[in-house]
Amino acid sequence: MPSAVVLARERISVPPEVLPPSVDVKDWWVEKPEIGPWAKRFFKEYVGITDQDELAKHLCSIRELAWDVFHYRCIASLLFVNYNLSEAYGTEWYYDVLQRLKKGDKVLDVGCAFGQIARNFVFDGAPAENVWSMDLREAFWDLGYDMYKDRDTFKTPFFEGDISDHEFMKEYDGKFDFIHAASFFHIFNLESQYKVVQRMTKLLSSKPGSVIFGRQVGCSVPRHFSSHPIRLGKGLYMHSVQSFTDMFEDAAPGKWDIQAWLTTRNPRPESKEKGRPGRLRFIITRLESDEVDVTGGDGDVSNLEKQLEETVISDLGDNVGAAKTA
Ligand SMILES: C[S@@+](CC[C@H](N)C(=O)[O-])C[C@H]1O[C@@H](n2cnc3c(N)ncnc32)[C@H](O)[C@@H]1O
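Take the sequence shown: its position 5, counted from the start at 1, is 260 in the numbering used here, and no numbers get skipped.
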């Protein structure tokens with residue numbers, strides 16, 4: 256009898272596609288960022304830049320340096336500038352998160368890059384000591400001090416490392432009431448996304464009411480690209496709402512309320528095979544603690560990984576461990 260993990264993996268397995276062998280990064284490169292009302296206010300009040308031309312120049316000069324660290328589309332397109340939590344998840348829900356942080360709950364932003372989300376929280380009144388961040392590359396975090404001009408004043412905890420490494424931040428397992436991840440899952444193949452979910456649910460508090468939330472590129476049908484023209488040799492997996500839900504339920508022990516939405520900014524015709532790409536946002540709330548430990552109780556994922564290895568998804572085979580080098 257195949258295990259539930261194997262069944263779910265078969266359900267969300269899709270044939271691999273190939274992205275164009277090269278990408279013209281000029282298509283990603285935004286020469287002058289459009290700065291929305293939230294970002295205008297934030298950069299005026301937090302950073303002290305009021306002139307819009309000066310702000311655009313400032314952002315673009317940091318972007319040049321960040322591009323040298325690693326080529327991510329969200330950096331080339333300056334996507335992080337307008338992303339903010341109250342607009343993305345709703346003022347009411349976000350207000351409750353802030354109240355909980357003020358009372359001592361802790362949040363971890365995974366794949367934080369410059370630390371824009373940490374600043375978003377602190378700007379809105381969350382205590383700095385409750386707002387934690389981590390990234391594979393400290394160089395991005397360091398550029399954040401230049402972008403937000405707060406090297407001497409911004410003191411929130413930051414950790415450099417690989418979230419899929421089960422030893423990384425192990426001493427903080429169960430410490431976080433909220434985990435946020437934006438533009439993150441979609442940079443990995445499915446195999447690596449499983450590992451990320453496993454690690455996140457270990458770092459998350461076992462108390463009901465703890466939350467994992469974020470957003471990423473999604474699609475109305477799941478799509479798996481076997482390699483990426485920029486991140487050479489790495490695959491990526493774009494989830495639909497259903498495949499993301501299946502992956503999470505499958506990878507995470509315990510009971511969860513999984514809310515996920517796919518929104519497209521510009522309605523495009525939906526192709527039957529390729530679906531319609533968009534933004535996938537999710538808020539996943541723990542309903543019951545994970546009393547049954549499917550990992551074998553030693554904090555690693557060896558049992559789960561063993562089951563995954565049994566799954567015949569040969570098209571993903573070359574991408575295992577992508578999280579290490581994404
Ligand atoms: C596409 S960027 C998104 C950055 C940011 N969250 C945002 O919304 O703008 C992905 C970020 O994840 C980081 N990253 C990649 N692989 C990682 C890993 N295995 N563990 C932790 N961070 C990782 C990258 O260094 C980068 O900062």
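The beta-carbon is built from N, C-alpha and C at its ideal position, and this holds for glycine as well.
Nothing here was measured: the structure is a model prediction, and the numbers come from that model.
According to the DSSP assignment, residue 518 belongs to the beta strand (DSSP E) that extends over 510-518. Secondary structure at residue 392: coil, using DSSP grouped into helix, strand and coil. If you draw a 10 Å sphere on the C-beta of residue 287, you find fewer than 16 other C-beta atoms in it, and that means exposed.
When distances are taken from the beta-carbon of residue 388 to the heavy atoms of ligand 1, even the shortest one reaches 7 Å or more.
In this structure, residue 403 lies away from residue 395, with their beta-carbon atoms at least 8 Å apart.
Secondary structure of residue 528 (DSSP, three-state): coil.
Taking 4 residues as the shortest admissible run, the stretch 430-488 contains the following complete alpha helix (DSSP H) segments, listed from N- to C-terminal end: 445-458. If you compare the alpha carbons of 509, 353, 544 with that of residue 374, the shortest gap goes to 353. It is roughly 7 Å from the alpha-carbon of residue 335 to the alpha-carbon of residue 329. By the Cβ neighbour-count rule, residue 542 is exposed, with fewer than 16 other Cβ atoms within 10 Å of its own. Under the criterion of beta carbons closer than 8 Å, residue 544 and residue 463 qualify as touching, at roughly 7 Å. Excluding sequence positions up to five before and after residue 377, its CB lies within less than 8 Å of the CB of 383, 386, 409, 411, all in the same chain and listed in chain order.
With respect to the 8 Å criterion, residue 419 and residue 450 are classified as neighbours on the basis of their beta carbons. DSSP, reduced to helix, strand and coil, places residue 414 within a strand of the structure shown. The three-state secondary structure of residue 493, taken from DSSP, is strand. Judged by DSSP in its simplified three-state form, residue 372 adopts helix. Beta-bridge partners of residue 538 (DSSP): 468, 514.
Closer than 7 Å to some heavy atom of ligand 1: that describes the Cβ of residue 335. The criterion of a C-beta distance shorter than 8 Å is satisfied by residue 470 and residue 437. Taking C-beta separations shorter than 6 Å and ignoring five residues to either side along the sequence, the partners of residue 340 in its chain run 349, 375, following chain order.
Between the C-alpha atoms of residue 432 and residue 366 there is a straight-line separation of about 17 Å.
Judged by DSSP secondary structure, residue 352 falls within the alpha helix (DSSP H) whose first and last residues are 346-357.
Here residue 316 is exposed. Its C-beta has fewer than 16 other C-beta atoms within 10 Å. With fewer than three CB-CB distances shorter than 8 Å, the stretch 498-514 does not count as touching the stretch 280-299. Non-local C-beta neighbours of residue 269 in its own chain, meaning closer than 6 Å and more than five positions away in sequence, comprise 477, 479, ordered along the chain.
DSSP places residue 362 in the strand class (E or B) of the three-state scheme. Collapsing the DSSP output to three states places residue 280 in a helix. Within 7 Å of the C-beta of residue 434 there is not a single heavy atom belonging to ligand 1.
Residue pairing by DSSP places residue 271 opposite 479 in a beta bridge. The beta carbon of residue 310 sits closer than 6 Å to the beta carbons of 298, 304 from its chain, once the five residues preceding and following it are set aside; these are given in chain order.
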